[in-house]
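Visitor: Sharing a structure below in structure tokens format, with a few things to ask.
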Amino acid sequence: MFSLAELAVRFGCEVHGDPETRVNAVGTLQTAGEGCITFLANPAYKKHLETTKASAVILASQNIDASPVACLVTNDPYATYAAVATELHPPAALRPGVHPRAVVDPSVKVPASCEIGAGAVLGENVELGERVCVGPNTVIGDDSVLGNDTRLMANVTLYHNVRIGERCLLHSGVVVGADGFGIAQTASGWRKVPQVGGVTIGNDVEIGAASTVDRGAIDDTCIGNGVKLDNLTQVGHNVVVGEHTVMAAQSGIAGSTTVGARCVIGGRAAISGHLTVCDDVYLLGRASVSRSISTPGAYSSVLPVEEAGKWRKLAARFKRLDEMAKKIRDLERNSE
Amino acid sequence: MFSLAELAVRFGCEVHGDPETRVNAVGTLQTAGEGCITFLANPAYKKHLETTKASAVILASQNIDASPVACLVTNDPYATYAAVATELHPPAALRPGVHPRAVVDPSVKVPASCEIGAGAVLGENVELGERVCVGPNTVIGDDSVLGNDTRLMANVTLYHNVRIGERCLLHSGVVVGADGFGIAQTASGWRKVPQVGGVTIGNDVEIGAASTVDRGAIDDTCIGNGVKLDNLTQVGHNVVVGEHTVMAAQSGIAGSTTVGARCVIGGRAAISGHLTVCDDVYLLGRASVSRSISTPGAYSSVLPVEEAGKWRKLAARFKRLDEMAKKIRDLERNSE
Amino acid sequence: MFSLAELAVRFGCEVHGDPETRVNAVGTLQTAGEGCITFLANPAYKKHLETTKASAVILASQNIDASPVACLVTNDPYATYAAVATELHPPAALRPGVHPRAVVDPSVKVPASCEIGAGAVLGENVELGERVCVGPNTVIGDDSVLGNDTRLMANVTLYHNVRIGERCLLHSGVVVGADGFGIAQTASGWRKVPQVGGVTIGNDVEIGAASTVDRGAIDDTCIGNGVKLDNLTQVGHNVVVGEHTVMAAQSGIAGSTTVGARCVIGGRAAISGHLTVCDDVYLLGRASVSRSISTPGAYSSVLPVEEAGKWRKLAARFKRLDEMAKKIRDLERNSE
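Chains as they are written, first to last, in my numbering: chain A, 3 to 338; chain B, 3 to 338; chain C, 3 to 338.
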């Protein structure tokens, strides 16, 4: 339970309304009730502000007058909400100890502050920092390293030689360090190219459920500090992802591509292999990158849906673009 | 072993040919043999009807004459086939009991009718209905609830506070309740937004292998009764999926979007976040939705493949569409 | 440790420079050091050749002069590199035996040459060839069969009746044999169609992390010898994938489609259901196939990204293609 006054001091906001208003949980503008604090960041939701039943709202100063309840006023309501919500709903506390049904190789030293779940399997020479959490049925390959406060949820798989920094969070189904897609064509079919590199992941990285990050073919695949990957994303072998870059669900980066810092890769966007994408590139959802990008900015390549009948006509026209261009040229010649 | 007469009575069909024809398994038109029943629903396969070696065929009345064998005649051969096949090939019977290598928190009451597989891990206060099946190495987080007759196959992961109705089937690799992709930009990088909602899934829902359904940021992510998700689909946080909507493989719905009832979302189709899609929308495969849809109907946005050389020309023309439009305008002016 | 002379004999190359040069590891042109052998295959990397610190380089004869160090000269540097790298970095040796924490049904005979990891669960009548490796927490359903030298990494799931040939490698998170997406529409919603077929996988197949291969509806889903699937790929029920076909990450084949031999399916490419794609088809990344292909060759359907503002204009022009075509027709009439 916190008062708005306490939260305002802690997170550098101003209070509008009663500073003794007390909150103990978060809610949405539409569904929050007594004791809840909510926020307004996306203008599309402003219509719900005047009817909110929350006890308090985090918002920007221009929206104060529309609020029926007490406010925490800040320049960045969403970031402030993130901080307040973390205060009210901290991550579940660790339950330190090694579950008797975990299987930990004798070579591994498990600090007393770590939690190792039932069915977890830790290979030879795995190194664990303080307060590491390894979820139930998660498997960690030989010689992998997890920094302080890193958490692997249930059913995660790390192969051997995967190095992960501090305060990372890997969700269930994630696979880090599987072989990259290295195959060489021969007369008798495809020959596997051994994938002898590892994976290096920085600090404060989050990887969404069922995402895959392949090990390097020779050198490591590298993910920088502060990177956030959503679910079902794919990072190919030898890829380098710069610091604070984020990838939304089902996006992917093919092998040997380097992506800069602070990029935002929209959902389902795809970057081909052996390319370089500079810092501060924003790919809209489903964008398809097949050449290197050297200029920061927003990029797109997707045609939005049309009613299917109309779309069929447009697709047919598209197929005749070449003819159309020739007709225009003929017309131009005739009109000269 | 059933006679056609029995099946006809049970499923409301007519028999054409010998009603005492007996069948004990299903087969395809091409490969079925003695004792097999097959079906004809897709006209593309009608060419295989006259040479079928099946003992009987389920088909619509207009195809009776083309059948060399006995028939079950029905308006909807595929739905009737589904019913007949379920009769001939019922799901494997449960093997009730808790495997000695399962790890069940002492707070959990496991009904005697349930099957809990080897290596399964059930957290605190998990609630199980009757005849629930939890596959080997599946992990269920604290306070989650499974209704009667729900089955989780092997290596499924449910986080905490996931509520699933009755008669659901979740395939291997599915992850329900991982954190949604909630991150707020700050001067020092992305800050995680706690994901404090849960997931609510209705009755008769099937979720395909390696699909991911995120927990809500504040309120629950909700999947309605009768929804069917194929493999590798992504449902973001706070998404609402209406009853009887289906999503084919590798499709996805981004966070906070509401999709209506009875929609059909084709393979690889994608819907952006914070949108509303009304009931009865049919998205063709790979359609890309970036605005709300308020009119039922079919929608498309994909250009089909062309031979690569031809495609390169079309793509180049596309890039010059603006010029082309200007040339037309000039021509129009000149011709006035 | 091998000399270039030994490698040249073994792999049919010529040596340029000192044949007694000794190497014990692989490296990249940029990062290899003393004792490392590297290769030059992609011309984009030739710029790094002259400054390499490797002890030797595998390359084609036209690049000999640019090499500052000893060379193995071959027509196909990448395939030769694959062979040399396998020699220098052989796969980890098996640790034969059944881990005491594995759960093997009493009906299963485990050859002494096999390795069964901690937490692995093998169902009834599973058949294992020699030197099979089953990783930790991997689950194998009843009646499945694994040929000699096949390896399943950690956290793989095979359902029942999955038959896998020899020398296959399935990565973590892979699910083989889950139910295909067979549902029939009825007045009361979608009805599940039992999936009674199995999966048959040939020899020398590799399946990337978190990929899914569904069991057949009636007959088996079939994957031919030498097929290689990258991560997060989807193979629907009843699909047939021809020998030596490869599928890059996040690609997918919908149900009942037959793909020929030696096809290359680029990253994120998608093939609709009930189609036939002939041998030797190359789909560029993200290509979308919605009709059968009967002519070998390369196919594409993706528009590359543009700066977002420019793209918006092009997309708007695209939407008016029909109007544009009409204007051209009018102009043509006027100019006649």
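Using N, Cα and C, we set each Cβ at its ideal position, and we do this for glycine too.
Under 8 Å between C-beta atoms, does C:Arg293 make it to chain B?
Guide: The residue labelled residue 293 of chain C in the question sits at position 291 within the third sequence. Yes, its Cβ sits closer than 8 Å to a Cβ of chain B.
Visitor: Can you give me, in chain order, the residues of the stretch 146-179 of chain B that have a beta carbon less than 8 Å from any beta carbon in chain C?
Guide: Cβ contacts with chain C come from Met155, Ala156, Asn157, Leu171, His173, Ser174 and Gly175.
Visitor: Within the same chain, show all residues whose beta-carbon is closer than 6 Å to that of C:Leu231, passing over the 5 residues directly before and after it, in chain order.
Guide: One-based indexing of the third sequence puts residue 231 of chain C at position 229. Here the set comprises Ile209, Gly210, Ser213 and Met249.
Visitor: To the nearest whole angstrom, what separates the beta carbons of C:Thr54 and C:Pro79, a pair I think is in contact under 8 Å?
Guide: Looking up residue 54 of chain C in the third sequence gives position 52. Looking up residue 79 of chain C in the third sequence gives position 77. In fact, because the Cβ distance is near 14 Å, the residues do not count as touching under 8 Å.
Visitor: Look up C:Gly262 in the DSSP assignment and say whether it is helix, strand or coil.
Guide: Here residue 262 of chain C corresponds to residue number 260 of the third sequence, with the count starting at 1. Reduced to three states, the DSSP call for C:Gly262 is coil.
Visitor: Going along chain A in order, which residues have a C-beta closer than 7 Å to the C-beta of C:Asn139?
Guide: If you number the third sequence from 1, residue 139 of chain C lands on position 137. Those are Gly121, Val123, Asn139 and Val141, listed as they occur along chain A.
Visitor: Please report the straight-line C-alpha distance between B:Ala34 and B:Gly257, rounded to a whole angstrom.
Guide: Mapped onto the second sequence, residue 34 of chain B falls at position 32. Mapped onto the second sequence, residue 257 of chain B falls at position 255. Roughly 45 Å between the two C-alpha positions.
Visitor: Answer with yes or no whether the minimum CB distance from A:Thr53 to chain C is below 8 Å.
Guide: Sequence index remark: in the first sequence, residue 53 of chain A carries index 51 (1-based). Closer than 8 Å: no.
Visitor: Could you confirm whether any beta carbon from chain C is found closer than 8 Å to the beta carbon of A:Ser63?
Guide: Position 61 of the first sequence, counting from 1, holds the residue named residue 63 of chain A. No, A:Ser63 does not count as interfacial toward chain C.
Visitor: Output the distance between the C-alpha atoms of C:His239 and C:Asn163, rounded to the nearest integer angstrom.
Guide: Taking the third sequence and counting its residues from 1, the one referred to as residue 239 of chain C is at position 237. Taking the third sequence and counting its residues from 1, the one referred to as residue 163 of chain C is at position 161. When rounded, the distance between both Cα atoms is 14 Å.
Visitor: State yes or no: is the C-beta of C:Asn65 within less than 8 Å of the C-beta of C:Lys48?
Guide: Residue 65 of chain C sits at position 63 when you count from the first residue of the third sequence. Residue 48 of chain C sits at position 46 when you count from the first residue of the third sequence. Cβ atoms of C:Asn65 and C:Lys48: closer than 8 Å.
Visitor: Does the beta-carbon of B:Ala289 have 16 or more other beta-carbons within 10 angstroms, so that it is buried, or is it exposed?
Guide: On the second sequence, position 287 is the one that residue 289 of chain B refers to. Buried, because 16 or more other Cβ atoms sit within 10 Å of the Cβ of B:Ala289.
Visitor: By alpha-carbon positions, which one of A:Leu305, A:Ser294 and A:Leu124 ends up nearest to A:Asn157?
Guide: Taking the first residue of the first sequence as position 1, residue 157 of chain A is located at position 155. Nearest C-alpha to A:Asn157: A:Leu124.
Visitor: Using a Cβ-Cβ distance under 8 Å, would A:Leu277 count as near chain B?
Guide: For this step, residue 277 of chain A is matched to residue 275 along the first sequence. False, the Cβ-Cβ gap to chain B never drops below 8 Å.
Visitor: Run through the DSSP bridge pairs and tell me what B:Trp192 is partnered with.
Guide: Here residue 192 of chain B refers to the residue found at position 190 of the second sequence. Bridge partners of B:Trp192: B:Gln187.
Visitor: Roughly how many angstroms separate the alpha carbons of B:Leu90 and C:Ile255, rounded to a whole number?
Guide: Position 88 of the second sequence, counted from the start, is the residue given in the question as residue 90 of chain B. Position 253 of the third sequence, counted from the start, is the residue given in the question as residue 255 of chain C. Whole-angstrom Cα-Cα distance: 29 Å.
Visitor: Please report how far the alpha carbon of A:Ala62 lies from the alpha carbon of B:Lys315, in whole angstroms.
Guide: Counted from its first residue, the first sequence places residue 62 of chain A at position 60. Counted from its first residue, the second sequence places residue 315 of chain B at position 313. For A:Ala62 and B:Lys315, the distance between alpha carbons rounds to 50 Å.
Visitor: Going by beta-carbon coordinates alone, are C:Val141 and B:Pro138 separated by less than 8 Å?
Guide: Here residue 141 of chain C corresponds to residue number 139 of the third sequence, with the count starting at 1. Here residue 138 of chain B corresponds to residue number 136 of the second sequence, with the count starting at 1. In contact: C:Val141 and B:Pro138 (Cβ atoms closer than 8 Å).
Visitor: At the level of alpha carbons, what is the spacing between A:Ile225 and A:Ile203?
Guide: Here residue 225 of chain A refers to the residue found at position 223 when the first sequence is read from its first residue. Here residue 203 of chain A refers to the residue found at position 201 when the first sequence is read from its first residue. If you take the alpha carbons of A:Ile225 and A:Ile203, they lie about 5 Å apart.
Visitor: How close, in whole Å, do the beta carbons of A:Gly37 and A:Arg24 come, if the pair is a contact with beta carbons under 8 Å?
Guide: In the first sequence, counting from the first residue as 1, residue 37 of chain A sits at position 35. In the first sequence, counting from the first residue as 1, residue 24 of chain A sits at position 22. About 7 Å separates the two Cβ atoms, so the contact holds.
Visitor: At a Cβ threshold of 8 Å, is C:Val243 touching chain B?
Guide: Locating residue 243 of chain C in the third sequence gives position 241, where the first residue counts as 1. Not closer than 8 Å to any Cβ of chain B, the Cβ of C:Val243 fails to qualify, so no.
Visitor: Restricting to runs no shorter than 3 residues, where is the beta strand (DSSP E) found entirely within the stretch 260-335 of chain B?
Guide: The stretch 260-335 of chain B contains these whole beta strand (DSSP E) runs: 283-285 and 299-302.
Visitor: Closer than 8 Å, CB to CB, is C:Ser337 near chain A or not?
Guide: For the purposes of this step, residue 337 of chain C is taken as residue 335 along the third sequence, with counting starting at 1. Output row for C:Ser337: interface = yes.
Visitor: Tell me which residues share the same chain as B:Pro98 and place their Cβ nearer than 7 Å to its Cβ, disregarding the 5 neighbours each side in the sequence.
Guide: The residue you call residue 98 of chain B lines up with position 96 of the second sequence. Once the five neighbours on either side are set aside, the close Cβ partners of B:Pro98 are Ala114, Ser115, Cys116 and Glu117.
Visitor: If we define contact as Cβ-Cβ less than 8 Å, is A:Met249 a contact residue for chain C?
Guide: Along the first sequence, read from residue 1 onward, the residue named residue 249 of chain A stands at position 247. By this cut-off, A:Met249 is not an interface position.
Visitor: Check whether chain C comes within 8 Å of B:Ile330, counting only Cβ atoms and requiring the distance to be less than that.
Guide: Residue numbering aside, residue 330 of chain B sits at position 328 when the second sequence is read from its first letter. Taking Cβ atoms only, chain C reaches closer than 8 Å to B:Ile330, which makes this a yes.
Visitor: For A:Arg153, which of helix, strand or coil comes out of DSSP?
Guide: Start at 1 with the first residue of the first sequence, and residue 153 of chain A comes out as number 151. Three-state result, A:Arg153: strand.
Visitor: How would you label C:Pro108, buried or exposed, when you count the other beta carbons within 10 angstroms and need 16 or more for buried?
Guide: Residue mapping note: residue 108 of chain C aligns to position 106 of the third sequence, counting from 1. So C:Pro108 ends up on the exposed side.
Visitor: If you drop the 5 nearest sequence neighbours on each side, which residues of the same chain put their C-beta closer than 6 Å to that of A:Ala186?
Guide: Taking the first residue of the first sequence as position 1, residue 186 of chain A is located at position 184. These residues qualify, in order along the chain: Arg193 and Val195.
Visitor: Taking all protein chains shown into account, do 16 or more other C-beta atoms lie within 10 angstroms of the C-beta of C:Ala120, making it buried, or fewer, making it exposed?
Guide: By 1-based counting over the third sequence, the position of residue 120 of chain C is 118. Its Cβ being crowded by 16 or more others within 10 Å, C:Ala120 is buried.
Visitor: So the beta strand (DSSP E) B:Leu96 belongs to, where does it begin and stop?
Guide: Locating residue 96 of chain B in the second sequence gives position 94, counting from the first residue. Note, B:Leu96: premise wrong, no beta strand (DSSP E); not H, not E.
Visitor: Quick one, which residues of the stretch 12-42 of chain B are near chain C if we go by CB-CB under 7 Å, in chain order?
Guide: Listed by position along the chain: Val28, Gly29, Thr30 and Thr33.
Visitor: Just reading off the beta strand (DSSP E) that A:Arg352 is part of, what are its end residues?
Guide: One cannot answer for residue 352 of chain A here, as it falls past the ends of chain A, which runs 3 to 338.
Visitor: Do the stretch 293-302 of chain B and the stretch 268-282 of chain B meet, that is, are 3 or more Cβ pairs less than 8 Å apart?
Guide: Result yes; three or more Cβ-Cβ pairs closer than 8 Å.
Visitor: Hey, how far is the Cα of B:Leu51 from the Cα of B:Ile166?
Guide: Taking the first residue of the second sequence as position 1, residue 51 of chain B is located at position 49. Taking the first residue of the second sequence as position 1, residue 166 of chain B is located at position 164. Cα-Cα distance, rounded: 42 Å.
Visitor: Quick one: grab the DSSP three-state call for C:Arg217.
Guide: Here residue 217 of chain C corresponds to residue number 215 of the third sequence, with the count starting at 1. The answer is coil: DSSP assigns C:Arg217 none of H, G, I, E or B.
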